[in-house]
Structures are given as structure tokens and as C-alpha cells.
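These notes concern the structure reproduced below.
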Amino acid sequence: MLLDHLKADAAKVNGVRDEQPSVGLPVERRVYTNRSLRLDQIEWVGFDMDYTLAIYKQAEIDRLSIEATVKKLVDRGYPPELIEAKYDESFPLRGILIDKQEGNLLKMDRFKYVAKAFHGSRELPRDKRRELYHQRRIRVDSDRYHWVDTLYALPEAAVYAGAVDFFDSRGDQLDYAQLFKDIRESIDEAHRDGAIVDVIEQNLPRFVAPDPELATTLHKLRSAGKKLFLLTNSRAGYTESMMTYLLGGAMAEYPTWRHYFDVVVVAASKPKFFTERRPIMEYRGKGEESTRASRFERLKIYEGGNLGEFERLIGASGDEVLYVGDHIYGDVLRAKKESAWRTVMIIQEMADELRAAAESRDEYAEIDQIELRRAKLMDELRARQVRLKSIERDREDGVERDESSQDAYRAEKRAIEAVRQMLREDEERARNIERTVDERFHRGWGSLFKEGVEVSSFGDQVEEYACLYTMKVSNLGSYSPTHYFRSPRDYMPHERG
Ligand SMILES: [Mg+2]
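In terms of my numbering, the sequence shown opens at residue 42 and continues consecutively.
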């Protein structure tokens, strides 16, 4: 389980029953396995581009997107003061859910229990959270909610929280759902008309942190006989600029970035790529008309397409293909549901998660201690309650009515109260520790993968749909191209004992 990876130390994770070479690797370089996978059985390895091969500097790109979005909102007639409002780009966390009706942002555990809730950026009081979300099961798929499932979508959550705060502070009556709709449309428009991508394309070093080991990682896969493809939703021009920035001139063996790949598909419109039947077109250059393609040629660029035709043209399918992406819905979930492609999910936040988990070892140990003591105290409480009952019964039956039974009765009562007090104190202590640990992960939301002792709804999706997950693509380069990634989850709870 995710929890095991995050909490346990290296020896604990890897010592049990796998022969991973992970043992020697620092945690942020490891590839984690949900579902066992033999790399030697993979023929094609595909990559998404944005947030997968291209790792964005999140704070920079968030600020750019927020600024562009708010500008568009004002153009739509929102008050100009909105530009001066406060937007905290570090506030949203991947995996949170927006309640458009109420202007709230929520974090859930895997059972869809809302554990944290904010109105704008202000935490909702506990009773309000109960009233709104704990009376009935919330329908995540309904129109009322919007899932923030990519890093790309964090800015819209930051704008939403900031704008809700802004209008609330003015005492304005507001249709929170309309506000969200306007934000969504504004950010889409900013992406479409180049207000965001053009700025990025012209300042790549400001927005993108190239991975110095990316080229050698791709080369290593190629040398082992794997075929590589790029499958991105970005358009040809942007892809060309980005990939040249990431790979151009990295290795003498590869004259251009295109030489690393056997097939390049841009403007793929994932998730539609997996669900619809759009034709594969050959891109002929800027301003030129694309033409229908009937085969793939190396060094050319293709557009659009669909899963079925793509598999036919590369001559491989299903579990011979490993796809590496960052988008749980567009890359990983759809690939899993519509095809039998194996998947690797890139989770950039893992560096922070692993650091926070490492720093929290003492607290985790303390919580475990408290849990253990709590179990013992509960046993003691139950035993004492039984004893008290029996003294009570004896007294009622008139069997024991002397002083000593009176004393025993009082002593038992006192002991029970003492145990209850200890339980209360432990609970309070555990809550405080959890708060400290949460802060270390993410102010406000806590861990990306966990919620309390449960896996978060985001962590749950990662577990369900990603065969492997890791912080960055070049981590694959730390493993042999024939590596057997073994899932540690071979046991069910009843087998663990
Ligand atoms: Mg992506």
C-alpha cells in the first residue's frame, strides 16, 4: 500500500520479499509498484509531454495562469478590483474537489468521506462540514462537483478560492457555480488564445526545469530494443519548441529530439484519443494542410488519431505498451479502462511527500504507540465495566451489601474515570500530532496520498489505475530494461495476520 511506501524505511519496504535493486536507491529515485510489471515484456514505451517529460516550475506557471485568468474575468465584466485580490498559488492540492454550489474546496479519503473543507481559503467549522457533507453520500460525478486532478488545473482552484474570499469580504451575494464556470472558460480561453502558452514558449527556462538525465534514460530504453513514442495533446509548434529545449543537443547520437522517438503524435486530444475514432493525420508544417496518414514514419509528426488505429499502425497492443503520463484521467485511467496498456504515473509532488514522510517518522511511531496503548486501555475499560456491572448486580441481589463492596464499587468507578481520562488525553495528543504532520506535507490539506489514517481519494485512484508511479521519467533509468517490478501488495489483510 501507498502508506507502506511512505511510512516505512527502506529496509522495511524492500526487505520483505522482493529482490528490487531499489534498496540502494534514495526514496525519491525509486519507482513504486501497484501492479507487478515485467519490463522485458514491454515493446513500446510511450510518453506524454507536459508535466511528464516537461517538468514545469509549478509556482511560476501557476502565477502566469492566475494572472491571465483573472484578466479574462475582468474582461468579462467582473470588477477590476479582482486583479488586486489575493491568490495563493500554493493553496490548492491535486486531488481536491470543488463544490461549485457552495464555493467550497474539499479533500476526501478513499471512502469519499470529506475530511477537510474550506470556503474559499477559510476552513469550514466542523459542524458546517458535517451538515453539508456527512448527512448523505456525496455524488462526486454530479454537476455540483469538479475534481482538480492535474497540476495544470491548480491555478483555477487558486483563482476560485481567491475570488470567493474577495466577494465574501465585500459582502456580495454571489452565484458560486457561475463564478466557477466563468473561471473555467477564462482559463480555457487563455490557453487557447496563447495568453499562457505563448509566454511559456518564449521563456522556456523560466517555466521548465529540464531533467539532465532524460536523454540518457530514453537512450537506455532504446538501446535495450524498446520502441519509443510521444503522445501529447500539445500542438506541433509548442511540442517542437519544448522537446528541442528538453533534448536538443543532449547526446551526439541524436541530431534532433525527434530521433529519440519512433512515432510522434501531437494534438492527440486525450482522453478522446482512447474513446473516439478520430483519424490520424500527418502534420505538414505551419499553415499547411494536414493529410490523412496510413502509416507511421520516423522523424515525421502526426496529429490526432485513436487507440485502435494507433495500435494497428505500430503493430503492438495491450500489455506490450507502457504509457507514461501525469494525468490520472486523460493518461492513466482512460488508458487502463479503454485498453490494456500498462501505465506509469509521474507524480512530481513526490519529492515533498517523501521528505515530509521522512521528517515525520518519530510522529508516526508515536501515533502507533498511542494506538497500541489505546487498544490496551479499551480492553481495560471493558473489563472494568464488566466488573462494575457484576458488583452492581451483587448489590441489587443483596448478596453483598457491606462496606467493602461499597469501597470496591467506588474504586472501580474511579478507575474507569481514570481510564476514560487517559483515552481522552491520548486522543487529543494524536490529533495534535496529526496536525503537525499535516502541516509538514501541505499547509491546509496535509498529504497528497493520505487523509488521516486512510488513503486519500487521489491516492486511491493512483493505486487503482497506475501500475507504477514515480517522481520523474528518468527514475526509470535507474532500473534494468528487463527489471521485474513486483507489487508488495500480494497479501490481503486476512493473510497478513
Ligand atoms: Mg501531461
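Heads up, the beta-carbon is just placed ideally off N, CA and C, and yes, glycines get one too.
All figures in this text were calculated on a predicted structure; none of them were measured in a lab.
At a cut-off of 7 Å, would you count residue i as near ligand 1, judging by its Cβ distance to the nearest heavy atom?
| i | result |
| --- | --- |
| His368 | yes |
| Tyr92 | yes |
| Asp89 | yes |
If you measure from the CB of residue i, is any heavy atom of ligand 3 nearer than 7 Å?
| i | result |
| --- | --- |
| Thr280 | No copy of ligand 3 appears in this structure; the ligands present are ligand 1. |
For the alpha helix (DSSP H) holding residue i, just list the boundary residues, first then last.
| i | result |
| --- | --- |
| Glu394 | 391 to 400 |
| Leu255 | 255 to 264 |
| Glu505 | 498 to 506 |
| Val362 | Note, Val362: premise wrong, no alpha helix (DSSP H); beta strand (DSSP E) at 362 to 366. |
| Phe88 | No alpha helix (DSSP H) holds Phe88; the beta strand (DSSP E) holding it covers 85 to 88. |
| Tyr286 | 277 to 288 |
| Lys112 | 99 to 116 |
| Phe221 | 217 to 233 |
| Glu352 | 348 to 355 |
| Phe315 | 313 to 316 |
Go through its chain and collect everything with a Cβ distance to residue i's Cβ below 6 Å, but skip five positions before and after it.
| i | result |
| --- | --- |
| Lys457 | Inspection of the sequence shows that residue 457 is occupied by Ile rather than by Lys. Answer for Ile457: Arg425, listed in chain order. |
| Val57 | With a pLDDT of 38 at Val57, under the threshold of 50, the predicted position of this residue should be treated as unreliable, though the coordinate-derived value follows. Hits under 6 Å: none found. |
| Ile241 | Phe248 |
| Ser282 | Glu242 |
| Asp360 | Ala381, Arg383 |
| Ala416 | none |
What does the alpha-carbon distance come out to for the pair residue i and residue j?
| i | j | result |
| --- | --- | --- |
| Arg299 | Ile342 | 9 Å |
| Thr523 | Asp420 | 51 Å |
| Val474 | Tyr119 | With the sequence shown as reference, residue 474 is identified as Ile, and Val is not the correct amino acid for it. Approximately 43 Å, taken between the alpha carbons. |
| Pro529 | Leu509 | 12 Å |
| Tyr324 | Met90 | 18 Å |
| Trp486 | Ile224 | 22 Å |
| Glu254 | Arg414 | 48 Å |
| Glu294 | Phe270 | 18 Å |
| Met391 | Trp382 | 24 Å |
| Glu172 | Val205 | 20 Å |
| Thr280 | Val238 | 11 Å |
| Ala471 | Glu164 | 20 Å |
| Val68 | Glu226 | 39 Å |
| Asn516 | Arg180 | 37 Å |
| Ala452 | Glu466 | 21 Å |
| Ser264 | Glu338 | 20 Å |
| Ala357 | Met386 | 21 Å |
| Gln502 | Arg151 | 8 Å |
| Tyr525 | Ser498 | 28 Å |
| Thr93 | Gly212 | 42 Å |
| Glu495 | Leu259 | 36 Å |
| Leu354 | Ala291 | 29 Å |
| Thr74 | His535 | 21 Å |
| Tyr450 | Phe132 | 55 Å |
| Ile429 | Ala459 | In the sequence on display, residue 429 carries Leu and not Ile. Those two C-alpha atoms are separated by around 14 Å. |
Where do the ends of the beta strand (DSSP E) carrying residue i lie?
| i | result |
| --- | --- |
| Val307 | 304 to 307 |
| Thr384 | 383 to 387 |
| Tyr450 | Here Tyr450 belongs to no beta strand (DSSP E); instead the alpha helix (DSSP H) covers 444 to 482. |
| Ile321 | 321 to 323 |
| Glu242 | Not the beta strand (DSSP E): Glu242 falls in the alpha helix (DSSP H), residues 238 to 243. |
| Glu379 | Glu379 -> not in any beta strand (DSSP E); alpha helix (DSSP H) instead, spanning 375 to 379. |
| Tyr343 | 343 to 345 |
| Lys267 | No beta strand (DSSP E) holds Lys267; DSSP gives it neither H nor E. |
Below 8 Å CB to CB, which residues in the same chain sit around residue i once its five sequence neighbours on both sides are set aside?
| i | result |
| --- | --- |
| Gly349 | Arg318 |
| Leu47 | Because the pLDDT of Leu47 is 49, which lies under 50, any placement of that residue in the model is unreliable, and the question is left without a value. |
| Thr384 | Leu363, Tyr364, Val365, Gly366, Asp372, Val373, Ala376, Lys377, Tyr506, Ala507, Cys508, Leu509 |
| Ser446 | Ile432, Asp435, Arg436 |
| Ile124 | Val111, Lys112, Val115 |
Quick one: is residue i near chain C, going by C-beta distance under 8 Å?
| i | result |
| --- | --- |
| Ala334 | Of the protein chains in this structure there is only one, and it is not chain C. |
Which same chain residues, not among the five before or five after residue i, have their C-beta less than 7 Å away from its C-beta?
| i | result |
| --- | --- |
| Asn274 | Ala308, Ala309, Ser310, Lys311 |
| Asp103 | Glu130, Leu195, Pro196, Ala199 |
| Ala334 | Ile321, Met322, Glu323, Tyr343 |
| Ile107 | Tyr128, Glu130, Pro196, Ala199, Val200 |
| Glu404 | Ile474, Thr477, Val478 |
| Arg185 | Asp140, Lys141, Gln142 |
| Tyr370 | Asp190, Pro312 |
| Arg170 | Val155, Ala158 |
| Leu262 | Val86, Leu269, Pro522 |
| Gly65 | none |
Going residue by residue through the stretch 136 to 214, where are the continuous beta strand (DSSP E) segments of at least 3 residues, counting only ones entirely within it?
Counting only unbroken stretches of 3 or more residues, the beta strand (DSSP E) elements lying wholly within the stretch 136 to 214 are 138 to 140, 145 to 149, 155 to 160, 186 to 188, in sequence order.
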